[in-house]
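So the structure is just underneath, and the comments pick up after that.
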Ligand SMILES: [Zn+2]
């Protein structure tokens, strides 16, 4: 992919709405390559990573946000986690879910997700965690987050997310738009009517990015008569912050008895990161050294 992924933040009208427009084609491709997801799972994961990056862009400093989509469908759930630096990671419960296209001839994301709940956990540091939860509406992710913003955060919002998967099963275009009314817009029905007319035409966002469109092009194409003004632009990417040290700490928290059992039964340990599928190997000698560390 020649183009970089990035997010554009803009306002419309007289500060009546804010828009996040982002291209995530490379994010979706990297997620597919790491998890070997089927097309349906790639779409579900790519959409979740895209909205995760938008939630990340709403954070400050060292805060992080984690999305959990717990549905009863064959995908067996989605987790995505993002920070304010434009980094996101994530996985699905069953990456190989294989369903026929839905009635509209599209990847059956809603069916794969099923019904259940959507959770948003914001870690604001100092153990201050905010959690919002809403029931899933369609499982198509975009609709579910529009509902989440409206009901859990009381911000009327439109969310369009898309991942286009190519014939080689790899994502070839991905991105999203999140549009939120700001308090000043509440009384301006004419502005809201204009916005709704625009949004009705905004379904093919993944094709737009597959055809090398940019987030700025989207703003221009859909909102040119609403005076869009770009606030800032920032890169986004798939990145996992796992490390050997972190998994070593995790092993130490198992405690002496369980570590000894691991040595006795398995001789060694291989731990695979859920988020990025990187594996960490701990030898018999290293595990025994950890047990000694716990003994001291
Ligand atoms: Zn990882």
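In this note's numbering, the protein residues as written are 3 to 298. The beta carbon of each residue, even a glycine, is placed where N, CA and C say it ideally should be. Bear in mind the structure is a predicted one, so any value in this text is a computation, not a measurement.
Run the proximity test for residue i: is its beta-carbon closer than 7 Å to any non-hydrogen atom belonging to ligand 1?
i: residue 280; result: yes
i: residue 240; result: no
i: residue 249; result: no
i: residue 151; result: no
i: residue 22; result: no
i: residue 98; result: no
i: residue 277; result: yes
Nearest CA to the CA of residue i: which residue from the options?
i: residue 2; options: 86, 230, 73; result: What the structure shows of the chain is the stretch from 3 to 298, and residue 2 is not part of that stretch, so it cannot be assessed.
i: residue 91; options: 160, 129, 82; result: 82
i: residue 242; options: 294, 194, 275; result: 275
i: residue 268; options: 56, 218, 287, 93; result: 287
i: residue 127; options: 48, 63, 141, 175; result: 63
i: residue 140; options: 191, 244, 227, 115; result: 115
i: residue 96; options: 48, 43, 51, 124; result: 43
i: residue 247; options: 273, 201, 137; result: 273
i: residue 119; options: 149, 98, 99; result: 149
Near residue i, what residues of its chain come up, given a Cβ to Cβ distance below 8 Å and the 5 sequence neighbours on each side ignored?
i: residue 13; result: 19, 20, 21, 184, 230, 231, 233
i: residue 53; result: 69, 82, 143, 144, 147, 161, 163, 178, 180
i: residue 41; result: 109, 167, 171
i: residue 289; result: 253, 261, 264, 265, 270, 271
i: residue 74; result: 116, 117, 118
Ordered along the chain, which non-local residues of its own chain (more than five positions away) have a Cβ less than 6 Å from that of residue i?
i: residue 85; result: 58, 66
i: residue 87; result: none
i: residue 182; result: 20, 157, 159
What do you reckon, is the C-beta of residue i under 7 Å from a heavy atom of ligand 3?
i: residue 284; result: Here the bound small molecules are ligand 1; ligand 3 is not part of this structure.
I'd like the list of long-range same chain contacts for residue i, defined as Cβ closer than 7 Å, with 5 residues on each side in sequence excluded.
i: residue 45; result: 109, 111, 165, 167
message = Pairs of beta-carbons, one from the segment 254 to 272 and one from the segment 90 to 105, closer than 8 Å: are there three or more?
response = no
query = Would you call the segment 7 to 27 and the segment 211 to 221 touching, i.e. three or more CB-CB distances under 8 Å?
reply = yes
task = Just list the alpha helix (DSSP H) runs in the segment 30 to 71, keeping only unbroken ones of 4 residues or longer that don't cross its boundaries, in chain order.
result = 41 to 59
inquiry  = Three or more C-beta pairs under 8 Å: does that hold for the segment 121 to 137 against the segment 33 to 52?
reply    = no
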